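Visitor: This is the structure, below, for whatever I ask next.
2 protein chains.
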Amino acid sequence: MSMTREEIRNLCVKSLEEKMVGTEAQNIDNGNGFYRYFFTNFPDLRVYFKGAEKYTADDVKKSERFDKQGQRILLACHLIANVFNNEEVFKAYVRETINRHRIYKMDPALWMAFFTVFTGYLESTGSLTDEQKAAWMALGKEFNAECQVHLKNSNLPYVH
Amino acid sequence: MSMTREEIRNLCVKSLEEKMVGTEAQNIDNGNGFYRYFFTNFPDLRVYFKGAEKYTADDVKKSERFDKQGQRILLACHLIANVFNNEEVFKAYVRETINRHRIYKMDPALWMAFFTVFTGYLESTGSLTDEQKAAWMALGKEFNAECQVHLKNSNLPYVH
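Dropping the structure here:
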């Protein structure tokens, strides 16, 4: 299956229709829910969240910090989906994301891994078609490629 | 003239084609150029840029800080243009922008004023049609409306 950028964009945007950002309780839960899924299924990665290294899904659910963080990461996913057909804007957003994460000293392999986590979340709480999942992984591959180029250009650890 | 969200989006995106973000010298200059225009035409607002309160356009041109800051603001403009037809994503991006600017204690009237500065920049260095300018001001009006709602909800000074 080969998809155009436009098709990838439209499939990813569509897959987020039931995970809209916003200020209502459901919107907040759409973001918080990502971290409940993340912390439950990838507990080793909690180490990147200072003070929340031992949080359970229930701790996340009650956490205002993860309500806010959930909106931020969900917005980022909406943005990369929506602008995927504008390649230079997409890549500039990737570089800006890397710049803002510099202080967290992340394992550079996690940028690609994120898309396994995120599609897992979408699958866990709603419907994600095989085509939508393939679109997200294709987007993730390009996201990750620009991450590694920019990490290298920034003299930071990167995946060869 | 009344425009749909889709028309506004397309006009704004089109107006940025000659101001693309990126890593080449021209792309960097597209962002730095905004601050050269800004500091020349609105020198009173330099007060928000600690350490650069007395910068001339020439100082900005030689400044790596404003190369980076220029890319960031230009990317933000590309993002708001591209997602304008996805209203909830647009509004979520506005709120995130407000959250990130909280530390600068900005005059809340500056959020609308920004669009006069930005369209002035686009006009000064290229071609901006009357229709594109009207589209940016229509986008700005919605951007500002969500800014003021979110400032109020955040217990921060806002424009009534």
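Residue numbers (UniProt numbering), protein chains in the order written: chain X, 1 to 160; chain D, 1 to 160. A virtual CB, placed ideally from N, CA and C, is assigned to each residue, including glycine. All values derive from a computational prediction rather than experimental measurement.
Determine the DSSP secondary structure at residue 106(X), reduced to helix, strand or coil.
Guide: Against the first sequence, residue 106(X) aligns to sequence position 106. Correct three-state label for residue 106(X): coil.
Visitor: Helix, strand or coil for residue 54(D)? Go by DSSP, reduced to three states.
Guide: Here residue 54(D) corresponds to residue number 54 of the second sequence, with the count starting at 1. Three-state DSSP puts residue 54(D) in coil, outside helix and strand.
Visitor: Compare the C-alpha of residue 18(X) against each of 122(X), 144(X), 136(X) and name the closest.
Guide: The residue you call residue 18(X) lines up with position 18 of the first sequence. Closest option to residue 18(X), Cα to Cα, is 122(X).
Visitor: Skipping 5 residues on each side, what residues in its chain have a beta carbon closer than 6 Å to that of residue 83(X)?
Guide: Here residue 83(X) corresponds to residue number 83 of the first sequence, with the count starting at 1. Around residue 83(X): 89, 90.
Visitor: Would you please verify whether the beta carbon of residue 92(D) is less than 8 Å from any beta carbon of chain X?
Guide: As a working mapping, residue 92(D) is identified with position 92 in the second sequence. Closer than 8 Å to some Cβ of chain X, the Cβ of residue 92(D) qualifies, so yes.
Visitor: Check each candidate in 129(D), 50(D), 150(D), 144(D) and name the one with the smallest Cα separation from residue 15(D).
Guide: In the second sequence, residue 15(D) corresponds to position 15, counting from 1. Minimum Cα distance to residue 15(D) is reached at 129(D).
Visitor: Of all the options 37(D), 103(D), 20(D), which has the alpha carbon lying nearest to the alpha carbon of residue 114(D)?
Guide: Taking the first residue of the second sequence as 1, we reach residue 114(D) at position 114. Of the listed residues, the one whose Cα sits closest to residue 114(D) is 37(D).
Visitor: Looking at chain X, is there any beta carbon in it that lies within less than 8 Å of the beta carbon of residue 101(D)?
Guide: Along the second sequence, one-based indexing puts residue 101(D) at 101. No, residue 101(D) does not count as interfacial toward chain X.
Visitor: Comparing the C-beta of residue 11(D) with each C-beta of chain X, is any distance below 8 Å?
Guide: Counting from 1 along the second sequence, the entry for residue 11(D) is found at position 11. Not an interface residue.
Visitor: Residues in the same chain with beta-carbon distance under 7 Å from residue 34(D), minus the five sequence neighbours each way, listed in chain order, please.
Guide: One-based indexing of the second sequence puts residue 34(D) at position 34. So the list reads 70, 73, 74, 121, once near-sequence residues are dropped.
Visitor: Using the Cα positions of residue 20(D) and residue 31(D), report the straight-line distance between them to the nearest angstrom.
Guide: For this step, residue 20(D) is matched to residue 20 along the second sequence. For this step, residue 31(D) is matched to residue 31 along the second sequence. When rounded, the distance between both Cα atoms is 9 Å.
Visitor: For residue 41(D), which of 112(D), 118(D), 93(D) has the nearest alpha-carbon?
Guide: As a working mapping, residue 41(D) is identified with position 41 in the second sequence. Cα-wise, what sits closest to residue 41(D) is 118(D).
Visitor: How many angstroms separate the CA atom of residue 111(D) from the CA atom of residue 55(X)?
Guide: For the purposes of this step, residue 111(D) is taken as the residue at position 111 of the second sequence. For the purposes of this step, residue 55(X) is taken as the residue at position 55 of the first sequence. About 38 Å.
Visitor: Evaluate residue 100(X) with the Cβ neighbour count: other Cβ atoms within 10 Å of its Cβ, from every protein chain shown; 16 or more gives buried, anything less gives exposed.
Guide: Counting from one through the first sequence, the residue named residue 100(X) turns up at place 100. So residue 100(X) ends up on the exposed side.
Visitor: Please name the residue in 135(X), 51(X), 2(X), 65(X) whose C-alpha comes closest to that of residue 9(X).
Guide: The residue labelled residue 9(X) in the question sits at position 9 within the first sequence. It is 135(X) whose Cα lies nearest to the Cα of residue 9(X).
Visitor: Provide the residue span of the alpha helix (DSSP H) that contains residue 15(X), from first to last.
Guide: As a working note, residue 15(X) is residue 15 in the first sequence. 5–15 is the span of the alpha helix (DSSP H), which, as asked, contains residue 15(X).
Visitor: For residue 160(X), report the span of its alpha helix (DSSP H) as first-last.
Guide: Working through the first sequence from its first residue, we reach residue 160(X) at position 160. Note, residue 160(X): premise wrong, no alpha helix (DSSP H); not H, not E.
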